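Position 13 (the sequence shown) corresponds to 13 in this note's numbering; numbering is contiguous. Built from N, CA and C at the ideal position, the CB exists for glycine as well. Here the structure is a predicted model, which means the values were calculated and not measured.
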Amino acid sequence: GIRRISALYTPYNYEMGVDLREQITLCDVGDIFTIPANNEKSFDQISKGIAHVFSSGAFPIILGGDHSIGFPTLRGICRHLGDKKVGIIHFDRHVDTQEIDLDERMHTCPWFHATNMANAPAENLVQLGIGGWQVPREGVKICRERGTNVLTVTDICEMGLEAAAKFAIERATDGTDCVYISFDIDCIDAGFVPGTGWPEPGGLLPREALKLLELIVRNVPVCGLEVVEVSPPYDVSDITSLMACRVVCDT
Numbered sequence: 001g002i003r004r005i006s007a008l009y010t011p012y013n014y015e016m017g018v019d020l021r022e023q024i025t026l027c028d029v030g031d032i033f034t035i036p037a038n039n040e041k042s043f044d045q046i047s048k049g050i051a052h053v054f055s056s057g058a059f060p061i062i063l064g065g066d067h068s069i070g071f072p073t074l075r076g077i078c079r080h081l082g083d084k085k086v087g088i089i090h091f092d093r094h095v096d097t098q099e100i101d102l103d104e105r106m107h108t109c110p111w112f113h114a115t116n117m118a119n120a121p122a123e124n125l126v127q128l129g130i131g132g133w134q135v136p137r138e139g140v141k142i143c144r145e146r147g148t149n150v151l152t153v154t155d156i157c158e159m160g161l162e163a164a165a166k167f168a169i170e171r172a173t174d175g176t177d178c179v180y181i182s183f184d185i186d187c188i189d190a191g192f193v194p195g196t197g198w199p200e201p202g203g204l205l206p207r208e209a210l211k212l213l214e215l216i217v218r219n220v221p222v223c224g225l226e227v228v229e230v231s232p233p234y235d236v237s238d239i240t241s242l243m244a245c246r247v248v249c250d251t
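Right, dumping it as structure tokens:
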């Protein structure tokens, strides 16, 4: 869905004064081969694919897919970081820090396992936009035990976008060498992104999310970006895929 709808975009952004053709070289390397109904083998394939792209010196942009891919994607990057540390800035309505879900590592679990890696300390995980009635207490317990940094939509609205971005940058970059951005499309209010598996009303407005993203990426060394939880079968007029495409282009 995101690939197809990207054909509507030109490489030039009037507000930014940027033409992507003049700034960077883009390449679509296709899909990573996964094994249906076998999460662990699929995770291995994802990690190998991302490690290959990252080791070539390219900036990986990953289009999901559910949020379970956050762990194997970051694992692939960490394989080529050596002793370097990576901070994580995670846009979402859900914390996604459970150990398992239905006896497997699923879309509710990526950051529990990612922050088990020595390269990705939990104290450098920043979670933006959390809230609503789909945040399990088990995940919240892990966040508190590991000392992750959570800002709800209410927090962001009350402190303002610039202060929220400053908080995220300070926490994610404290003692780290780069930052990985995980953008779950459901961090945006469900009225704007219906094409997702876990819509949650009360999220960020599109312009708030884009501005927050802009303030962050201008000021941190980003090592990778994933945009996840876009589900075209649930979409209306491709507006969710368009939003995801905008996140990629703006980053």
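query, result
"Using 8 angstroms as the threshold, is the C-beta distance between residue 139 and residue 97 below it?", "yes"
"What are the partner residues of residue 182, as DSSP defines its beta bridges?", "90 and 226"
"Quick check on the DSSP output: the beta strand (DSSP E) that includes residue 61 runs from which residue to which?", "61 to 63"
"Just list the beta strand (DSSP E) runs in the stretch 114 to 142, keeping only unbroken ones of 3 residues or longer that don't cross its boundaries, in chain order.", "125 to 130"
"Going along the chain, which residues of its own chain have a beta-carbon closer than 8 angstroms to the beta-carbon of residue 131, five neighbours each way excluded?", "93, 152, 153, 154, 200, 202 and 203"
"With respect to the alpha helix (DSSP H) encompassing residue 25, which residues constitute its N-terminal and C-terminal limits?", "No alpha helix (DSSP H) holds residue 25; DSSP gives it neither H nor E."
"Taking DSSP's pairing of strands, which residues face residue 236 in a bridge?", "Bridge partners of residue 236: none, in fact."
"Return the residue from the list 63, 27 and 214 that minimises the CA-CA distance to residue 229.", "63"
"Could you give the first and the last residue of the continuous beta strand (DSSP E) run that contains residue 152?", "149 to 152"
"Using 10 angstroms around the beta-carbon of residue 75, count the other beta-carbons present and answer buried if the total reaches 16, otherwise exposed.", "buried"
"Let me check one thing: in DSSP terms, what residues is residue 13 bridge-paired to?", "18"
"Quick one: residues in its chain with C-beta nearer than 7 angstroms to the C-beta of residue 245, no 5 flanking neighbours on either side, listed in chain order?", "2, 5, 6 and 9"
"Does the beta carbon of residue 196 come closer than 8 angstroms to any beta carbon on chain C?", "No chain C appears in this structure, which consists of one protein chain only."
"Based on DSSP bridge pairs, tell me the residues matched to residue 188.", "204"
"For residue 222, I'd like the list of residues in its chain whose CB is within less than 8 angstroms of its CB, leaving aside the five on either flank, ordered along the chain.", "59, 178, 179, 180, 181 and 251"
"Taking C-beta to C-beta, are residue 219 and residue 169 nearer than 8 angstroms?", "yes"
"Report the three-state DSSP secondary structure of residue 217 (helix, strand or coil).", "helix"
"Mark residue 57 as exposed unless 16 or more other C-beta atoms lie within 10 angstroms of its C-beta, in which case mark it buried.", "exposed"
"Taking buried to mean at least 16 other C-beta atoms within 10 Å of its own C-beta, is residue 86 buried or exposed?", "buried"
"Starting from the N-terminal side, write out each stretch of the alpha helix (DSSP H) that is 4 residues or longer and does not extend beyond the stretch 29 to 63.", "39 to 55"
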